[in-house]
Amino acid sequence: MKLPLTWLKEFINYSISDEALAKRLTDVGLEVEEVLKDSKGKTILGLNITPNRGDALSVLGLAREVSAILEKPIQQSKTKAVKLVRKTFTAQPGNFKNEKVFVNLKLSHPKQCPRYMMAVFKNVKVEASPEWLQHRLEQVGIRSINNIVDITNYILMAYGQPLHAFDRQKISNSQIIIRTAKAGEKILTLDAKEHELISSDLVIADLEKPLALAGIMGGLDSEITSNTSEIALECAWFDPSTIRKTARRLGIQTDSSYRFERSVDFNIQNAFFEAIRLIQEVAQADLVGEVSELYPKPFVQKKIKFSPTRLERVIGGTWKHSEFKKIFSNLGFIVKESKKDLWDVTVPSWRADVSREEDLFEEIVRSAGLDRIPATFPKMTAPPMSGNVHELLSQEEKVKELLISLEFHEAIHFSFISPEEVLLIDSTLEDQLIHVTNPLGHEFSIMRPTLLPSLLKTLQYHHRHKITRARFFELRNRFIKTQDGMIERKALSAVLSGVRAQADCREQNAGTDFFEVKGIISKIVKLAQRHIQFITPKEKIVFLHPGKQIQIAYQHEDQTIEDLGVLGELHPEIALKMDFKHPVYLFELDWTGLMDLPKENRSFVPYSDQPVVLRDLALLMESDRTAGDLMPLLQKQDPSIRKIKIFDVYEGEKLPIGKKSVAYSLELGLENRTMTEEEINQVMQKVMNYLRNSLGIEIR
Amino acid sequence: MSTGVENLAQLESRFFDEIQSVTSEDLLNRLKSQYLGKQGFISEILRNLGQMPPEERPKMGAGANLLKKKIEEECRTALEKIQNLKKEKKIREESVDTSLPGRGLAEGGLHPLTQTLQEVQKIFKEIGFSIFEGPEIETEYYNFEALNIAEDHPARDMQDTFYINVVAHRGHPESDTKQGRHSDLPLLRTHTSPVQAHVMKNHKPPIRMIAPGAVYRRDFDVSHTPMFHQVEGLVVDQDIQFSDLKGTLIYFLQSFFGENLKVRFRSSYFPFTEPSAEADIQCVICQGKGHKNDVPCRLCKTTGWLEVMGCGMVHPGVFEKAGYDSKKITGFAFGLGIERLTMLKRGIPDIRLFYQNDLRFLNPL
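In order, the protein sequence lines correspond to chains A and B.
Each step along the first sequence adds one to the number in the working numbering, with nothing skipped, and position 1 is 1.
Each step along the second sequence adds one to the number in the working numbering, with nothing skipped, and position 75 is 1075.
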């Protein structure tokens, strides 16, 4: 809202500086965002009016606020009231006809249009506006069109009351009907756009067709042109939500709809009389007969109970009750002290936003200034609540610290990406995508079902900038559509390329590999005090290198396997498509799933002081045998086998093609005594027999 | 050989000559056995003592033993010297170029938004606030209606909303059949305030909570990204006053930005609070003066103040939706933007930088 201060001064006489005025307005909740100068060097304030304050969208409305701030009276308009012909409806809405006027009014929807007034003029001279009027509109950024349209806009800006002028001769049968639209009905509006209407839209129509979208925009057919000689001028109070629904649906916002949506003063007549006076003066038009009005059920000013002690309890600080009275009266509220602590406060007609006691509290505090309120601290009357994510957040902080120590950077990406980015990695996700109805563009049109595409894109960006050693992780929600609805779960995902962690300048060839990533997952799981298994996926994971991938899983007590994620090297085909020239490793872990797993119970475990014996076993096996999977199998062979480690893996010229040598170290021991040499040999023999006979593995 | 004693003197000087050139333990042992070994010079002298004239024997014997001691002593010294040299050499060989960089210094780091989020959470947790999270895909009911934002109220324009394609997504998990006609139309939450509504639905007062998280609005320009982060706060109890809101937020802002920071409150409007206010802090660039070095401050547009938080007393309509008795309890709520706080504190000029994840941006932060 632009407020030219020269215009403001027509309503109120004050003497403080422009800057001081701007500050005072901001303090009472009418934020002055900018201070501008017009073409004549006069100050214009640019205000950001909050949506509750429809009353402040006019010079008069702001003058009222200035009047309250400075405690100076508003200068009353000198316009004389015009004689009204009013018909008040009782129960049934109906029409009313006055032979003296040129237009008959019929109102069929009093809820959508509780009040409607119309004045008819003849001998209208439509021409350019006088200079003062043009200048006023220029100051508030409205284009001058002709004197009639300009006067309606002038009144809108001055009083906040939108008006609409019809070419009277374009109204068929001189009949104005205020009704809802018929579904499918069409209207061509002033901006030369055609709109198809639905039954909740309110229109101003004649017998044949809609002439205007009520409160939003007039029709092109009945527009005021230089040929217009008779006009019908409308002044109405339209239901805010009806106007808003139509304006939003059709995507039209006008100065008029903007004000009706925010509610205008229900005392619309003063602005109307001023408009009538101006049309008579400026366009030298003759008012025909009397002004018609449909007002079946007059508005009643709201009365709210106000308790001064309740205000003190809700706001805090100390107050004089006389101060409340003064503030209310400055703002146009009428106070009746019916009981000592329960006042009746009558709300002025223009303050549609004030409807409860708390709204009155706001009037007091914004006028008195929030500086008046002391700063105190809320008393703790109960222990802190447990929150729903405390454990989760502390785990998140810990895992993030771990990854940072492993030289990762945390990345944060938008939750929406393009479907192609997902499908490039995993085309099987197509049916699980959640689409945004009104995205900012195709590239932001689906909610990510995986964090990997965004992370890969960030890595790709760095590779293109010659930074090939980079590691990123992200811990955020991902969104998946399932048959049961939409699932929102946190994932911890990472991408990495280049040398492994802790490598230094002498080890530039020590690139990251599958095993570094696997080790990272193990560290994460250990830190989280959970248990998981690494399992070979039943079906190959499509976006990972077929020979360098593994699934992260958890085996529940009922033997069901819960999928918790994957790790491996990005599939070379995808790497090629994404222009990666170095191997890229990644993992994605279902963080919510991991957190939902039972937490490891860390309590004392008794240990034996008996010495342990170490025995090594070098095995020759097929290269594609999973050597790690042998460990639990060997351990099962005898209870005296406490631990098994792999300490050497060799594949090369000294061995037959297709074979590898894997060396295992077995730790043997008994709880209560030292094992004898003979016992040790028996155990080792048992293990070797098992390897040879059951698995066909050769002992070197 | 003239006299035995002369012999001894010659032997001694020969030994001291020879030991000068000994550089290793091996050579030393060899020399030592040459003189002191069973077949060595000293043994030979002692063996031949019997063939000497009896009057010379004691003198010769004592001289030989003395020489033996001298040699032994000298060999010990020489051995020590050789060993020390060896140790020194080993240490010399082991030394490294200490100017080379340390291992594992490749940088990693938390995203600056996470750093701010963690800091904000820590400050509030210390004064008894609990942390709650809620879904990012919300329903229209929780995002708007439960917060007193009626469907056809212009307040909805304050937040341009992303909707989720509903035809494809029946049966959103958050939809609550008991709410009957309440809209379960899914959307991306436009603020973290719906978490308030969830918490109030599941807990009785007193409540003292914050809700951090990502939120979404249809805006993308120099000062807006379509996704950003907020922290919402809510305190509900029997005698919560506006003054408590002021005290709490001043405490928070001074903890976050610095002890002597000036804070002011201005009236404003939010549909879910009444009265509502904005909290401003003194400008971090011009220290609230409006000008720096006589140049008008661009950050605060010479006002000296920066808007950082929205807040207010919880609107009774919100309590009524939550099933609370708005005559018996009061509360305050506040919301802050994590991006804005981070930009102000760390001097970040453009909000979009947060989402580019460029290492040149992330590393120094």
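All C-beta atoms, glycine included, are put in the ideal place defined by N, C-alpha and C.
Only a predicted model underlies this, so the values are computations on that prediction, with no experimental measurement involved.
Cβ shell of residue i (< 6 Å), same chain only, five flanking positions each side left out
i          : result
A/Asn-48   : Glu-31, Glu-33
B/Ala-1064 : Ile-1042, Ile-1045, Leu-1046
A/Ile-524  : Val-399
B/Ile-1348 : none
A/Ile-535  : Gln-551, Ala-553
Where residue i sits in the DSSP three-state scheme
i          : result
A/Phe-377  : coil
A/Glu-488  : strand
A/Tyr-116  : strand
A/Lys-106  : strand
A/Trp-350  : coil
B/Leu-1185 : coil
A/Ser-367  : helix
A/Leu-544  : strand
A/Val-291  : strand
B/Cys-1311 : strand
A/Arg-506  : coil
A/Trp-132  : helix
A/Asn-477  : strand
B/Glu-1136 : coil
B/Met-1060 : helix
Alpha-carbon spacing of residue i relative to residue j, whole angstroms
i          : j          : result
B/Phe-1124 : B/Phe-1252 : 7 Å
A/Glu-323  : A/Ser-199  : 50 Å
A/Asn-689  : A/Val-683  : 10 Å
B/Met-1227 : B/Arg-1360 : 22 Å
A/Leu-250  : A/Gly-141  : 24 Å
B/Gly-1171 : A/Leu-45   : At B/Gly-1171 the pLDDT is 44, less than 50, meaning the model places this residue with poor confidence and gives no usable figure here.
A/Ala-205  : A/Gln-112  : 14 Å
A/His-465  : B/Gly-1310 : 41 Å
A/Ile-315  : B/Ile-1338 : 28 Å
B/Arg-1264 : A/Pro-439  : 37 Å
A/Arg-602  : A/Asp-558  : 23 Å
Own chain, CB closer than 8 Å to residue i, minus 5 neighbours either side, in chain order
i          : result
B/Asp-1239 : Thr-1330
A/Lys-659  : Leu-620, Met-621, Glu-622, Ser-623, Glu-651
A/Phe-647  : Asp-616, Ala-663, Tyr-664, Ser-665
Beta-carbon contacts of residue i that lie in its chain and below 7 Å, excluding the five residues immediately before and after
i          : result
A/Trp-591  : Leu-475, Lys-490, Ala-491, Leu-492
B/Thr-1190 : Asn-1143, Gln-1159, Thr-1161, Val-1215, Tyr-1216, Arg-1217
Under 9 Å from the C-beta of residue i: neighbouring residues of chain B
i         : result
A/Phe-408 : Gly-1108, Gly-1109
A/Lys-531 : In the sequence as presented, Lys is not what sits at residue 531 of chain A; that position holds His. Here the premise fails: no neighbours, minimum Cβ distance about 25 Å.
Residue i burial status per 10 Å Cβ neighbour count (16 or more: buried)
i          : result
B/Phe-1144 : buried
A/Lys-540  : exposed
B/Pro-1364 : exposed
A/Met-380  : exposed
A/Gln-685  : exposed
A/Cys-505  : exposed
A/Thr-450  : buried
A/Tyr-607  : exposed
B/Ala-1062 : exposed
B/Phe-1016 : exposed
Partners in chain B for residue i, counting only beta-carbon separations shorter than 8 Å
i         : result
A/Lys-400 : Leu-1110, Thr-1114
A/Leu-3   : The contacting residues do not exist; A/Leu-3 stays about 18 Å from chain B at best.
A/Thr-376 : Gln-1241, Ser-1243, Asp-1244, Lys-1246, Gly-1247
A/Ser-405 : Gly-1108
Below-7 Å beta-carbon distance, residue i vs any chain E residue
i          : result
B/Tyr-1269 : In the structure shown, chain E cannot be found, because the protein chains are A and B.
Where residue i meets chain A, residues with beta-carbon distance less than 9 Å
i          : result
B/Thr-1330 : Arg-313, Val-314
B/Ile-1281 : Here the premise fails: no neighbours, minimum Cβ distance about 14 Å.
Proximal residues of chain A, C-beta to C-beta of residue i below 7 Å
i          : result
B/Val-1235 : Pro-378
B/Ala-1214 : Ser-415
B/Tyr-1403 : What is shown of chain B runs 1001 to 1365, which leaves residue 1403 of chain B out entirely.
Chain B residues whose Cβ lies nearer than 7 Å to that of residue i
i         : result
A/Ala-470 : Leu-1359
Neighbouring residues, chain A, relative to residue i (Cβ below 8 Å)
i          : result
B/Tyr-1163 : Val-436, Thr-437, Asn-438
B/Asp-1157 : Pro-51
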